[in-house]
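This report concerns only the one structure given below.
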Amino acid sequence: MAKDELQLLQGTLDVLVLKALTSGPRHGYAVARWIHEATDEELAVEDRALYVSLHRLEQRGWVTADWGVSENNRRAKYYALTPAGRKQLRSQTERWQRYAVAVSKVLQRA
Amino acid sequence: MERIPRVRRWFRLPKDETTIGREIDDEIGFHLRARIAALEAAGVAPEAARRAAEREFGDVMAARAELSAIDRVTVRRRRRTQRWRSALWDARQAVRGMRRSPSFAAVVVLTLGLGIGVNAAMFGITDRLLLSPPAHVTAAAEVVRVLYRSTSSGTSEPRTNAMLPYLDYALMRDGVGSFASVAAYSSPSYSVLGRGREATELRVVSATASLFPTLGVRPALGRFFVASEDTPPQGVRVVVLSHGLWRGRFGGDPGVIGRTVEIDHATYEVVGVAPRGFAGIDFEPVHAWVPVSITGAAYDSASWHTSRSMHWLRMVARLAPGIGAEVARQEAAATFLAANERRFDGDPNADVVLGSVRAALAPEAGTRAGAAQKSGRIALWLLAVSLLVLVSACANVANLLLARGMRRRRDIGVLMALGIGRARLVRQVLTETLILALCGGVVGLLLAHWGGHVARVLLLPDVEWTGSPIDGRVLAFAASIACIAALLAGVAPALHALGVDAATLLRMGGRGTARRSAASTALVALQATLSVVLLAGAGLFVRSLQRAASVPLGFEPERVTTFQWHTAGLDWGRSRTQGLYAAALERVRALPEVEAAALGTSVPMWSALYASIRLPGQDSVAEPTDGGPYYSPVSADYFRTMGARVLRGRVFTDGDVAGSAPVAVVTASLARLLWPGEDAVGRCFFHGRDADGVCRTVVGVVEDTRYSSLEAEPTPMFFVPLAQEPTMGWRTLFVRFAGDTGEGIAAVRRALDRIEPGLPHVQATPLQTRVDPQIQPWRLGASLFSAFGALALLLVGIGLYGVVAYDVSQRRRELGIRLAIGARGRALVRMVLGQAMSMVVLGLVVGLALTGWAAGYVEPLLFQVSPRDPAVLVGVAALLFVIGVGAASVPAWRAARIRPTETLRED
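This is the structure:
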């Protein structure tokens, strides 16, 4: 994947990751699966990028991470949204929607 | 108890690189395994599943590096905020603690405030006197004093001299390229401004036009005089006023520029006003500056600027840009020595010395250190001494904190059981002391602001101080000693916090019989030690002061005042001067306020005349070891006026006149020197100022006079009748008043005014003001050491009281049991007192040992007192003992009044 595309995707990826955590704490693998399924495998993104996103979000204080035990009794790192992360998701969603509307308006005119 | 925020966070944060890496490996491993398992469950072959999972994930190694870089930053940031948060929490706890026990906080803050305050005040003075460049000098590092070294006459010792002739200034100005500019200036003269009754005394410095530009000082008003006004042989009469004089005498009127003023009976035009607080670079009072070529011409109009013998100017220079001091010194030395070849012929010590304008770094010139240097040394001593007060204050605070730490040990136990680390506890204790110390610093600065003014006046009363005693440097100093104080005071309680373990503390609970640690005993002993040192210092200085004040002077200065007309600049002949003083004596004698009056010439502790003498039949006489003999022509009644005791024979009468037999009065030491073991009265000697062949007969012997200093042995001296010294034009009127000196001076002034209205200014100086500077160092040492000693004593009293009171309160049960089983109250008092006094005695012994060790260093500062003066040491011991018993007896008495029934019931 070209570097440009990754960078273009980073912000979007963050929103998707935050969205993946709205229904409760998840480990990285579950976040990855949720995104792949929610996008019907349309999004060609490596799992590695998702982890980078998760760790960045942790650094910014939008998610917290803690070790827990997975469904099949393995030690796994769980991520959860913080109140700040929830707020960020709301504003990002709004921005994304306005952006999408604006872009599609332009595209429809042509 | 407060919940510590996010305690668990401490355990959850990865600690180091390896942990971060392991966690990332675990996380990626879990992902890959989960994906492989899912693919296999969907029917993919194991090997294909692994490959698919890895492909979907991407470059594992790159991911690992990227993630650990992110996590490292995360951990670092989080640790930082964590630290801030816990510091903030500690601070909040400390403030809360202070609010809970305000009296405790007040005692601590006041104690530290006292310690920090005296230090800040003393530092402020020392800094201004010794370390900082003089006010208004720009780029002071480039400005140097120019001095020279030569061999002291009669010895082989080198000696540094500051005074140079104008010629050498011109030489350096024109011949030394390393100096960007050079200036010369004189010592302040004793002059008068105005005339007659309105006149005021003035210190005037004669300076070259280059002085202000060389120092980089800009006038507050007008300008400094310029080179064209200061050209030898004769300059222009212009004057620059000091800011203080301008404000005081001219009301700060800007219109003063261009006006004329009369200085020493000559008219000068005011051209400028110096900036506020500028008084040259020597800490001497200066009121005005006039061109050097005016003063020089007044001495010797033709050749003052080419004379090699008038050593009256000090020199200062500014280094040329980029020139180092050593390069400049070498060039100056070469120029100076070449021009003065004859003078320094064969003198191996002859050299030029460059000194800093900062007083501390300036070389001492001549034998007399400047007033500022002397006071600066004393201030330095006092700064060291005030540090002892600070240490004592810290010991006190440490003790209070220890006591409180004991009371809080259950809290500490709970915290430790919760898993709070010892490092954290120590940090909390130190935060608390830091906050207390900073509050103490604020109090200290308030004290220093006030105390600084007092100390300035005590140390250098003549200097016109400007600005607050608190400046940025004092502020920084106070802040740093507050931090040091916090560390000093906090270290014992912190160590104590380290030394306990949770289980013991919780088991002991709130009561228990835990004694204070050995630390608090040591702290009280330390305080006692310090107060011994300070009190011994105070005692030694008080004794010195007593000794110095009771030295037999050979006269009684108390009610004697000297009067002199300021005749500088007036063309009065010798006979007019003599006639006026004679008339003045007649009038003054008749005043009811006057007990006795006489005329003389030189004034003790101020001026002196030397004479050579010879005995008939001998070629020379044994020379007095300290120079001399002095001689003094005086009128009849001089000895009565001065209060000098006559030991043998008679003193002068009105009958000892020009034509009568030449007579003399000698002091006891001169009599001993000339005629050892014999009666001096009736003998005669040749006096160098008499005509050849005239042998003066000794008619009386008076007690020795300390004429030039208190410390030296009295110089042999003789007196001759004033009327038999017709060539002596110099006169001083000595008056002994019957009552108040102030009223007497006013009466004398009124009487002199009637002799000839509009006479020049009359300078009236109580003799005591000539004697006082002689005892000033000891007075200063005595008052400040006493103040510091009293402070230390107060601190040790408070400290001891605190320790004993706490001890008694902790031992209530034990003491109650003792009483219940039949111990007498008196025995308990004795026991408590005994334990308290053992701390004091320990401090006393160490303190006395320390004093004995320091004795050698203090000795030169004392006056005829041994630094191991037994009376002082016994007195100190007794005083400390009394204070110790006093401080311990209240809690001891309380111990005896414990009711066993109550203490045994309480739990």
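Chains as they are written, first to last, in this note's numbering: chain A, 1 to 110; chain B, 1 to 907. Where a beta carbon is used, it is the ideal one built from N, C-alpha and C, also for glycine.
- Taking CB atoms only, E37(A) has no neighbour in chain B less than 8 Å away.
- For A334(B), the enclosing alpha helix (DSSP H) starts and ends at A325 to A339.
- The beta-carbon of A888(B) is placed no less than 8 Å from the nearest beta-carbon of chain A.
- By DSSP's assignment, T667(B) forms a beta bridge with V702(B).
- About 6 Å separates the beta carbons of I745(B) and T561(B), which is inside the 8 Å limit, making them a contact pair.
- In the three-state reduction of the DSSP assignment, M605(B) falls in the coil class, being assigned neither a helical nor a strand state.
- With fewer than 16 other CB atoms across the displayed protein chains lying within 10 angstroms of its CB, V882(B) is exposed.
- Here E341(B) is exposed. Its C-beta has fewer than 16 other C-beta atoms within 10 Å.
- For V286(B) and V144(B), the gap between their C-alpha atoms comes out near 20 Å.
- Within the same chain, Cβ atoms closer than 7 Å to the Cβ of L202(B) are found at S191, V192, L193, I263, H287 and A288, the five residues on either side in sequence being excluded.
- For Y630(B), the CB contacts under 7 Å within the same chain, skipping 5 residues up- and downstream, are A608, L609, Y610, Y707, T715 and M717 in chain order.
- By the CB criterion at 8 Å, V532(B) and L848(B) fall inside the cutoff.
- Counting only Cβ-Cβ distances below 7 Å, L319(B) has no contacts in chain A at all, with the closest Cβ about 56 Å away.
- Per the C-alpha coordinates, the member of A135(B), V426(B) and P165(B) positioned closest to A94(B) is V426(B).
- In terms of Cβ geometry, G85(A) and L54(A) do not form a close pair [threshold 8 Å].
- Chain B has no Cβ within less than 8 Å of the Cβ of V69(A).
- Within the region 402-436 of chain B, the complete alpha helix (DSSP H) runs of at least 4 residues fall at 409-417.
- For E27(B), the enclosing alpha helix (DSSP H) covers residues E17 to A41.
- In terms of Cβ geometry, A455(B) and V474(B) do not form a close pair [threshold 8 Å].
- For P766(B), the closest alpha carbon among the candidates F563(B), D26(B) and W84(B) is that of F563(B).
- Boundaries of the beta strand (DSSP E) around R145(B): V143 to T151.
- With respect to the C-alpha of W89(B), the residue from R424(B), V876(B) and Q810(B) having the closest C-alpha is R424(B).
- Sorting S132(B), S206(B), V845(B) and D351(B) by C-alpha distance to the C-alpha of A333(B) places D351(B) at the top.
- For W893(B), the enclosing alpha helix (DSSP H) stretches over residues P870 to A896.
- Shown here for H453(B): same chain residues with a beta carbon closer than 7 Å to its own, the five before and five after excluded, namely P469 in chain order.
- N72(A) counts as exposed, since fewer than 16 other C-beta atoms from the protein chains shown sit within 10 angstroms of its C-beta.
- In the structure shown, the three-state DSSP call for T82(A) is coil.
- In the three-state reduction of the DSSP assignment, E58(A) falls in the helix class.
- A distance of 8 Å or more separates the beta carbons of F57(B) and Y29(A).
- Residue contact with chain B for K105(A): absent (no Cβ-Cβ distance below 8 Å to any residue of chain B).
- Within the DSSP secondary-structure output, F718(B) pairs in a beta bridge with Y631(B) and V666(B).
- Separation of the CB atoms of L540(B) and L388(B) is rounded to 15 Å, and the pair is thereby denied contact status at 8 Å.
- Here the alpha carbons of L245(B) and L791(B) stand approximately 39 Å from one another.
- Of all residues in the region 69-96 of chain A, the ones placed with a Cβ closer than 9 Å to any Cβ belonging to chain B are S70, N72, R74, R75, A76 and K77, in chain order.
- Per DSSP, G781(B) has no beta-bridge partner at all.
- The distance from the Cβ of L599(B) to that of L722(B) is about 6 Å, consistent with a contact at the 8 Å cut-off.
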